[in-house]
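**Student:** Protein chains in written order, with the numbering used here: chain A, 84 to 199; chain B, 14 to 157. Ideal Cβ positions, reconstructed from N, Cα and C, are used throughout, including at glycine.
1) Return the chain-ordered ranges of every beta strand (DSSP E) run that is complete within the stretch 123 to 198 of chain A and spans a minimum of 3 residues.
2) From this set, 121/A, 104/A, 137/A, 167/A, which residue's C-alpha is nearest residue 94/A's C-alpha?
3) Report yes or no: do three or more beta-carbon pairs, one from the stretch 29 to 39 of chain B and one from the stretch 76 to 90 of chain B, lie closer than 8 Å?
4) Closest to residue 110/B by CA distance: which of 93/B, 103/B, 69/B, 142/B is it?
5) Please compile the residues from chain B whose C-beta is within a distance smaller than 7 Å of the C-beta of residue 180/A.
6) If distances are taken between C-alpha atoms only, which option among 52/B, 53/B, 47/B comes closest to residue 85/B?
7) For residue 152/B, which residues from the same chain have a beta carbon less than 6 Å from its beta carbon, with the 5 sequence-adjacent residues on both sides left out?
8) In the structure shown, what three-state DSSP assignment does residue 144/B receive?
9) Residue 64/B versus chain A: which residues are under 7 Å apart at the beta carbon?
10) Which residues does DSSP pair with residue 28/B in a beta bridge?
11) Please name the residue in 29/B, 72/B, 105/B, 96/B whose C-alpha comes closest to that of residue 139/B.
12) Less than 8 Å between C-beta atoms, sequence neighbours within five positions excluded: which residues of the same chain meet that for residue 196/A?
13) Just tell me which of 107/A, 157/A, 97/A, 154/A has its CA closest to the CA of residue 167/A.
14) Give the residues from the stretch 121 to 151 of chain B that approach chain A closer than 9 Å (Cβ to any Cβ), ordered along the chain.
15) Since residue 37/B is in the alpha helix (DSSP H), which residue starts that stretch and which ends it?
16) Residue 172/A touches chain B at which residues, Cβ-Cβ below 8 Å?
17) Under the three-state reduction of DSSP, which class applies to residue 125/B: helix, strand or coil?
18) Quick check on the DSSP output: the beta strand (DSSP E) that includes residue 89/A runs from which residue to which?
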């Protein structure tokens, strides 16, 4: 039994939206990081992680998201999250992620907020 | 605090193999649904169970490579609280020696992990940790 994560990307003008579907564990986190670093290599400095398709995460997966946040800070980029379940959002607040990555209720608000 | 009358009790022995924490979270969900916990609180229990399991998987070094779990719905006149016990037979640790993680430190650190206990404490109402050379037991509860 292995829970997998599917990641898809929508490249837009000045911003890329990364959609996840499934469990963000260590493998899932690694896959998000692989996609995020590829987008940075392509020149994107603003990333939005839309987690609408993710209902459960674990702290190992979130630790990999912290690596992405660190990288975004290094390059002067911006990372946002949207469409989190209440528990995932609460967990991000417990961990303090919200201090370094903005959390939005939905994708339109996130796109507007990250591009302003 | 809920009384100790068990309305329902389930025990589970998990092998320490990838994603077994999801099996545990499904049992927690079934128990919480039985006691009519709200969906958001069920989700919090589920996440805490995942964290407790992966802590045991990652850090216990249990010789039998198993986690022993008990799920109890407790209450005096109606189901009031879900108590979950997660036990391993590993090397144990001193909970007071575990520094609380902070994001500003983790952002600079090579090792960004170590959040499990903080998340469990943040999501559950009560958490007790008993640890020694014969293993670790985490007892965590959440009211309906």
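**Tutor:** Here's the rundown:
1) 129 to 136, 161 to 165, 185 to 187
2) If you number the first chain from 1, residue 94/A lands on position 11. Shortest Cα-Cα distance from residue 94/A to any of 121/A, 104/A, 137/A, 167/A involves 121/A.
3) yes
4) Here residue 110/B is taken as the residue at index 97 of the second chain, counted from 1. Here the closest residue by C-alpha is 142/B.
5) Working through the first chain from its first residue, we reach residue 180/A at position 97. The contacting residues are 116.
6) Here residue 85/B refers to the residue found at position 72 of the second chain. Nearest C-alpha to residue 85/B: 47/B.
7) Translated into positions along the second chain, residue 152/B becomes position 139. Contacts found: 98, 141.
8) Along the second chain, read from residue 1 onward, the residue named residue 144/B stands at position 131. Correct three-state label for residue 144/B: strand.
9) Here residue 64/B is taken as the residue at index 51 of the second chain, counted from 1. Simply 141, 142.
10) What you label residue 28/B is simply residue 15 of the second chain in a count that begins at 1. BP columns for residue 28/B point to 79/B.
11) Numbered from 1 along the second chain, position 126 holds the residue referred to as residue 139/B. Minimum Cα distance to residue 139/B is reached at 96/B.
12) As a position in the first chain, residue 196/A is number 113, starting the count at 1. Counting only Cβ-Cβ distances below 8 Å, and skipping sequence neighbours, we find 163, 185, 187.
13) Walking along the first chain from the start, residue 167/A turns up at place 84. That would be 107/A, whose Cα lies nearest to the Cα of residue 167/A.
14) 121, 124, 125, 126, 127, 128, 129, 131, 132, 134, 135, 136
15) Here residue 37/B refers to the residue found at position 24 of the second chain. In the DSSP annotation of this structure, the continuous segment of the alpha helix (DSSP H) that includes residue 37/B starts and ends at 33 to 47.
16) Walking along the first chain from the start, residue 172/A turns up at place 89. What residue 172/A touches in chain B: nothing, since even the nearest Cβ is about 10 Å away.
17) On the second chain, position 112 is the one that residue 125/B refers to. Three-state result, residue 125/B: coil.
18) Taking the first residue of the first chain as 1, we reach residue 89/A at position 6. Start and end: 88 to 95.
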